């Protein structure tokens, strides 16, 4: 159990002269609750895209549980337990809530390549999907198309689909983005209740959520790590106050 | 489309899961096309040749629906596979291999090979680029058929096709009686295959790819591989359709590979409704019967009426005939 859940070594990504990631050495402990914060355009989402394989790094390495995954496809990384959610809800909008989650479970179990039997015959998968919706308060809306649900509820489905994949490492890209204040409470609760063995890295602008959940915080500025440490240290760091907290909090 | 069960309490768990797990079961209205087709055999005795053409074209449109409607792969070159199937069957028939069922098998195989090979290249792209590339594949094949006239007959078309009776018993007659039943049966098998795929976990994942490709990547789906598989299957079904037309008309020309063939097919599918499995069964007969009627009433100007009809569908009947019916039913139920 010595290997880190997730690690990047000297991760770099440039688009011409623009560096969205420069020499990022990042460590995510097993079972961690780790927040990645930074001003707009700091490269937070690019970092998630690099780690999950949407973008190919210019140089550097990505290790998942000690294994080098730098050259693996997106799907291969998911199969190894690296799962993400999206900043802007990316769901199958016309499909029902239950179907959204069932699709994820079908991929996890590898039955999605079956083109002979009806999907309804894989009943255990549907039951598992339903049971996953219950604690998230989504069961009552299981048969409704996603598009009919309020945005805050859709954010919960994002999390439900990620959990359906049984992740070892979960990357939450602004889980509360675009959600009205009255609904953020439910999302924070859900994140706090995530199974302890999942290492969670979340990007967030909502400082209430960050300081309530995170055990460690990494501050990213212009594609580079400015500082990393426990929340109390980050809150007191003058550099952080200057570039980040100063803009919004004080 | 929500279901009438109200989920929530543990008691409803079973109801919700049942409702979801039983979607693939046959509904009564799915028998309608087949009952109608069987009935038409006796009612419209003089139109069996047209009927056979319609059934073969429904199969063609059904194969396109698998791509556009379910996997979200928009193509302007689906005639490529239709044409390959038609030429495969036709070239066999013109060169001494006259057994029709083995021609079907070879036609489907040839079309699927072309589908797989071209899919490996064109499916790397999406949107307009994909449209252009599928169009180019069909255009290249058409030019190949044009230049390779020693085998294909070039611009004169393939002549001298001879087809044996089916099972050595049922001869293809001048009135299309055999062709009617033959095409209907092949369509039925093609429909069973398509329906099975649509309701399978594979088919559901195609819907996922259509709805949100990025999300499919994020849940670990091998998106490119899935697209190639459905592209190959769809090509095989289109090839079957082409072979049916070749066998029942005993004629294959360059028009089987033409852009207009692909475009017309999309029009028929849009009229019926895309992505609902039965759009082809409505759009194709409507279009082909209208074409048959209009071209007799107004032989020079009939495309104008078809065009006017299309504008009407696009403006007032989004989702085609099935879309309109669906909205009407929803409104009626919610009253």
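Residue numbers (the working numbering), protein chains in the order written: chain A, 1 to 250; chain B, 1001 to 1335. Cβ atoms here follow ideal geometry from the backbone N, Cα and C, with glycine treated the same way. Keep in mind that this is a model prediction, so the values were computed, not measured.
{"Query": "For residue 1323 of chain B, the three-state DSSP class (helix, strand or coil)", "Result": "helix"}
{"Query": "Short CB-CB distance (under 8 Å) between residue 1016 of chain B and chain A", "Result": "yes"}
{"Query": "Any C-beta of chain B under 8 Å from that of residue 210 of chain A", "Result": "no"}
{"Query": "The region 3–16 of chain A contacting the region 60–67 of chain A, beta-carbon criterion three pairs below 8 Å", "Result": "yes"}
{"Query": "Spatial distance of residue 166 of chain A from residue 1019 of chain B (CA atoms)", "Result": "26 Å"}
{"Query": "Whole-angstrom C-beta distance between residue 29 of chain A and residue 91 of chain A, which should lie under 8 Å", "Result": "30 Å between Cβ atoms; not a contact."}
{"Query": "Boundaries (first-last residue) of the beta strand (DSSP E) holding residue 221 of chain A", "Result": "216–221"}
{"Query": "Pair within 8 Å by beta-carbon distance, residue 1305 of chain B and residue 1312 of chain B", "Result": "no"}
{"Query": "Sufficient close CB pairs (3 or more, under 8 Å) joining the region 169–180 of chain A to the region 69–88 of chain A", "Result": "yes"}
{"Query": "Complete alpha helix (DSSP H) runs within the region 116–142 of chain A (minimum length 4 residues, chain order)", "Result": "123–133"}
{"Query": "Same chain, Cβ closer than 7 Å to residue 1210 of chain B, five either side skipped, listed in chain order", "Result": "1070, 1071, 1072"}
{"Query": "Assumed close pair residue 1263 of chain B, residue 1076 of chain B - CB separation to whole angstroms, cut-off 8 Å", "Result": "7 Å"}
{"Query": "Minimum Cβ-Cβ distance from residue 44 of chain A to chain B less than 8 Å", "Result": "no"}
{"Query": "Minimum C-alpha distance to residue 103 of chain A - residue among B:1200, B:1260, B:1106, B:1321", "Result": "B:1200"}
{"Query": "Member of B:1162, B:1259, B:1088 whose CA lies at the smallest distance from the CA of residue 1132 of chain B", "Result": "B:1259"}
{"Query": "8 Å Cβ shell around residue 12 of chain A - same chain, five flanking residues per side excluded", "Result": "19, 21, 22, 23, 24, 57, 58, 59, 60"}
{"Query": "Top-ranked residue by Cα proximity to residue 116 of chain A, from B:1261, B:1247, B:1227, B:1194", "Result": "B:1194"}
{"Query": "Alpha-carbon spacing of residue 1198 of chain B relative to residue 169 of chain A, whole angstroms", "Result": "33 Å"}
{"Query": "DSSP-derived helix/strand/coil call for residue 61 of chain A", "Result": "strand"}
{"Query": "Closer than 7 Å at the beta carbon, the chain A residues around residue 1219 of chain B", "Result": "78, 103, 104, 107, 161, 165"}
{"Query": "Minimum Cβ-Cβ distance from residue 198 of chain A to chain B less than 8 Å", "Result": "no"}
{"Query": "Same chain, Cβ closer than 6 Å to residue 69 of chain A, neighbours up to 5 away in sequence not counted", "Result": "62, 77"}
{"Query": "Interface residues of chain B facing residue 92 of chain A [CB-CB closer than 8 Å]", "Result": "1207, 1208, 1211, 1212, 1215"}
{"Query": "Close Cβ partners of residue 1159 of chain B (< 8 Å) along its chain, the five nearest in sequence each way excluded", "Result": "1094, 1153, 1251"}
{"Query": "For residue 34 of chain A, three-class secondary structure by DSSP", "Result": "strand"}
{"Query": "Within-8 Å CB hit, residue 1021 of chain B to chain A", "Result": "yes"}
{"Query": "Under 8 Å between C-beta atoms of residue 997 of chain B and residue 1228 of chain B", "Result": "No answer is possible for residue 997 of chain B: it lies beyond the span of chain B, which begins at 1001 and ends at 1335."}
{"Query": "Whole-angstrom C-beta distance between residue 1024 of chain B and residue 145 of chain A, which should lie under 8 Å", "Result": "That pair is no contact at about 19 Å."}
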